[in-house]
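In my numbering, the protein residues as written are 28 to 254. Idealized CB from N, CA, C, for every residue including glycine. Note that the coordinates shown come from a computational prediction; the quantities given were computed from them, not determined experimentally.
What follows is the structure, given as structure tokens:
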């Protein structure tokens, strides 16, 4: 009779319920154990650096540092310069150029064959390195003369450089010692040697008659050497 009850549907249902109860109890028990366990902070461990382990059968490894780079310093070969002769043996061997004489001066005049002539006075006004300044005055040298102003009436030429002037009206009486000036100028010229040569030409356009002689132009020239 008992075997029939166990094989009946009611018996099977009771068996399944009992099995389900047991499983539920096990699950609840396992969860309780999991909650009751100690919690620990999660620590992330960094992977250990690999190490080289040498066994007994491993070959003997010898580590030696790399050799330091060799720095080669170039060797300079200094050869003595050839001895040059001294530029100046002594002070006495210096050739000192003599400067132009600032006191140089002179005078020259025309020769018309009459009592009316012109004259030129010149002198060195200034001397500087490489240049010289010459002063010139053109004047009437006569006994007596009375002239009016002449446009472009006088020309002075120094070493080819021409200077033109308008001469003033003049009255020069006989016996007067003062000079009747027609014009004057100064010129600055370069010089490169100890002696300087100048070519000076003077012209006065008189265009008149003096003592019965017709005089259109009165000229005077001179070659001047300045030591």
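Query: The stretch 136-143 / the stretch 227-237 touching (three or more Cβ pairs under 8 Å); Result: yes
Query: Own chain residues within Cβ distance below 7 Å of residue 37, not counting five before or after; Result: none
Query: Cα-Cα separation, residue 194 to residue 146; Result: 14 Å
Query: Residue 196 - DSSP class collapsed to helix/strand/coil; Result: coil
Query: Beta-carbon proximity list for residue 120, same chain, < 8 Å, skipping 5 on both sides; Result: Low confidence applies to residue 120: its pLDDT is 36, below 50, so where it sits in the model is not reliable, and the reading given next is rough at best. Excluding sequence neighbours, residue 120 sits near nothing in its chain.
Query: Residue 217, enclosing beta strand (DSSP E) - first and last residue; Result: 207-217
Query: Selection from 144, 230, 250 that minimises the alpha carbon distance to residue 199; Result: 144
Query: Exposure label - residue 123; buried when at least 16 CB within 10 Å; Result: Interpretation of residue 123 is limited by its pLDDT of 36, a score under 50 that renders its predicted location unreliable; the figure taken from the coordinates is listed afterwards. Per the 10 Å Cβ criterion, exposed.
Query: DSSP-derived helix/strand/coil call for residue 48; Result: helix
Query: Simplified DSSP assignment, three categories, for residue 38; Result: helix
Query: Cβ-Cβ distance between residue 209 and residue 166 below 8 Å; Result: yes
Query: 7 Å CB neighbourhood of residue 176 in its chain, flanking five on each side removed; Result: 193, 194, 195, 196
Query: Closest residue to residue 213 among 39, 49, 148, 47 (Cα-Cα distance); Result: 148
Query: Proximal residues to residue 174 (C-beta, below 6 Å), its chain only, five neighbours per side dropped; Result: 197
Query: Same chain, Cβ closer than 6 Å to residue 158, neighbours up to 5 away in sequence not counted; Result: 215, 217
Query: Residue nearest to residue 178 in terms of C-alpha spacing, selected from 44, 46, 233; Result: 233
Query: Proximity winner among 171, 134, 189, 130, relative to residue 153 (alpha-carbon distances); Result: 130
Query: Identified DSSP bridge partners for residue 144; Result: 168
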